[in-house]
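Working notes for the structure below.
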Amino acid sequence: MFSNRFKDKVAIVTGAASGVGYAITNRLLQEGASVVGADLNQERLNALQSELGDRFLGVQTNVTQEDQIAELVEATVRKFGGLHIAFNVAGASKAGIIKNLSEADWDFTVDLCLKGVFLSMKHEALQMAKQGGGAIVNVASLNAHVPMYAGAAYSSAKAGVEMLTKNGALEMARDGIRVNAILPGLIETPLTAGLLASPDIQAAYLERIPMKRAAKPEEMTGPALFLASDDAGYVNGASLLVDGAWATSGYPDLSRWF
Numbered sequence: 148m149f150s151n152r153f154k155d156k157v158a159i160v161t162g163a164a165s166g167v168g169y170a171i172t173n174r175l176l177q178e179g180a181s182v183v184g185a186d187l188n189q190e191r192l193n194a195l196q197s198e199l200g201d202r203f204l205g206v207q208t209n210v211t212q213e214d215q216i217a218e219l220v221e222a223t224v225r226k227f228g229g230l231h232i233a234f235n236v237a238g239a240s241k242a243g244i245i246k247n248l249s250e251a252d253w254d255f256t257v258d259l260c261l262k263g264v265f266l267s268m269k270h271e272a273l274q275m276a277k278q279g280g281g282a283i284v285n286v287a288s289l290n291a292h293v294p295m296y297a298g299a300a301y302s303s304a305k306a307g308v309e310m311l312t313k314n315g316a317l318e319m320a321r322d323g324i325r326v327n328a329i330l331p332g333l334i335e336t337p338l339t340a341g342l343l344a345s346p347d348i349q350a351a352y353l354e355r356i357p358m359k360r361a362a363k364p365e366e367m368t369g370p371a372l373f374l375a376s377d378d379a380g381y382v383n384g385a386s387l388l389v390d391g392a393w394a395t396s397g398y399p400d401l402s403r404w405f
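Just remember that my numbering sits 147 ahead of the position in the sequence shown, which is counted from 1.
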């Protein structure tokens, strides 16, 4: 079904244990890559090791800890001999309106969604530069452009990821490294399951999405892998909305649920 365009390529995927990270990991393997999946969920990583085979290595990683990111890249090189492409997917949010949002919840969200991408990019790029280049794809969000009620930390972090992507493209081009981002809209993942379980909240979202549905995680893999592929060899610093045209209509009013 898929091509072999990533044969002999080595990839890192953060947040690989579920959702979009898992979907990207699976697609990369189907297209010939060897993949190191990073996640906090060791039990799930162990299960994936059995499920996905010898071209997958799971490494328990907290992406907000620089020493663990450095070890992730080192483990990748030890296992597979190098690093060619990376997908920085790990993220989560603790919601709250600004007046009530705790410093701890702000730090959790911004550290995971923005600092984690910064640290990952830094160490991925250090290795790629030694090898003559590579490609990095960051997962930002529609919320980089569209604010979300009770989502100040998340939206701010994802806007930061988009700008970090552009800055990475500017700085790393001289090393032969391209840096791009996808900006997903609503996706059916474990992180959104609580929202989508409420018929009223789901209806509020779908009212604003012209395609009238949430995406499947697998629908993020084509755009993400395109940006990492040779077909996107002159695409650098780009932000690709993958949102079912949601950005054209704005965000639903979620204030009644907070």
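We put the CB at the ideal spot given by N, CA and C, even for glycine.
Cβ pair residue i, residue j closer than 8 Å
i	j	result
V284	F227	no
I356	G332	yes
K269	F255	no
D390	L289	yes
K156	H231	yes
P370	I324	no
A239	L342	no
A394	V293	yes
E178	L374	no
Own chain partners of residue i with C-beta closer than 6 Å, once the 5 adjacent residues on each side are dropped
i	result
R191	A164
E213	L266
A362	I334
G184	V160, A163, T172, G205
T208	A185, Q215, L219
L353	K359
S272	The sequence shown places Ala at residue 272, rather than the Ser named in the question. Hits under 6 Å: M319, I324.
A385	N327
A287	K305, V308, E309, A328, L330
A300	W253, T256, V257
S302	N290, P294, M295
V167	V236, P364, M367
Q278	G229
D322	A276
Whole-Å CB distance - residue i paired with residue j, under 8 Å assumed
i	j	result
K262	T211	6 Å
L387	N314	With 8 Å as the limit, L387 and N314 do not qualify as a contact, their Cβ atoms being about 17 Å apart.
M367	A170	6 Å
A316	N383	5 Å
According to DSSP, residues forming a beta bridge with residue i
i	result
A185	T161, V206
I232	A158, A282
P331	V389
I324	G281
G307	According to DSSP, G307 bridges with nothing at all.
Cβ shell of residue i (< 8 Å), same chain only, five flanking positions each side left out
i	result
D258	T211
A351	P399, D400, L401
A392	I356, P357, M358
Per-residue burial, residue i [other beta carbons within 10 Å of its own, 16 or more giving buried]
i	result
I244	exposed
S249	exposed
R174	buried
P364	buried
W404	exposed
Q274	buried
A180	buried
G281	buried
E198	exposed
A251	exposed
A237	buried
Cutoff 7 Å; reference residue i; Cβ partners in own chain excluding five residues on either side
i	result
A217	H270
V264	N235, N285, V308, L311
V182	A158, V160, T172, L175, L176, R202, F203
Q196	F203, G205
Q189	Q207
G397	V293, R355
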